Amino acid sequence: MPSATDDDELQFELTPSVSFYDAKIIVSVTSFNAFAKEVVALADGFDPDYEASLWIGPDGHGANGAPYHIRDILDDMDAVQSAYNELADAFRPFVTEF
Numbered sequence: 111m112p113s114a115t116d117d118d119e120l121q122f123e124l125t126p127s128v129s130f131y132d133a134k135i136i137v138s139v140t141s142f143n144a145f146a147k148e149v150v151a152l153a154d155g156f157d158p159d160y161e162a163s164l165w166i167g168p169d170g171h172g173a174n175g176a177p178y179h180i181r182d183i184l185d186d187m188d189a190v191q192s193a194y195n196e197l198a199d200a201f202r203p204f205v206t207e208f
């Protein structure tokens with residue numbers, strides 16, 4: 111949902127729906143092109159293996175509300191990456207001067 115900040119920037123929050131992980135994109139931008147660049151950069155830089163590792167506890171299973179099995183955590187991170195990629199693909203045609 112877009113909202114205006116004090117310095118006339120726009121802030122966007124997008125939440126793909128997956129089982130345990132609330133993935134959010136929050137960026138403050140001054141133009142549509144800047145927003146498109148941020149979305150594409152986020153998708154291109156997202157590493158599902160690294161993100162999954164953040165949710166694995168010392169016992170080798172899910173922690174902090176993550177699913178118990180590592181495979182389920184990785185599946186969720188893959189779903190987040192797919193959602194980010196789908197969104198980024200929609201914005202790529204609008205990116206200039208990347």
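Quick note on numbering: the sequence shown equals residues 111 to 208 in the numbering used here. Where is the CB? At the ideal position from N, CA and C, for every residue including glycine. Here the structure is a predicted model, which means the values were calculated and not measured.
Burial state of residue i, where buried means 16 or more other Cβ atoms lie within 10 Å
i	result
E148	buried
F142	exposed
I145	Correcting the residue type first, residue 145 is Phe in the shown sequence and not Ile. Buried is the call here.
A198	buried
A200	exposed
According to DSSP, residues forming a beta bridge with residue i
i	result
G172	I166
Inter-residue Cα distance where the pair is residue i and residue j
i	j	result
D182	A193	17 Å
Y131	A176	8 Å
P168	N174	12 Å
G170	D186	17 Å
I135	S163	20 Å
R202	E161	24 Å
V139	W165	30 Å
G172	I180	6 Å
Y178	A133	19 Å
Own chain, CB closer than 7 Å to residue i, minus 5 neighbours either side, in chain order
i	result
Q191	F156, P158
Terminal residues of the alpha helix (DSSP H) in which residue i lies
i	result
V150	142-155
V190	180-201
Cβ neighbours of residue i in the same chain (closer than 6 Å, five flanking residues each side left out)
i	result
D188	P158
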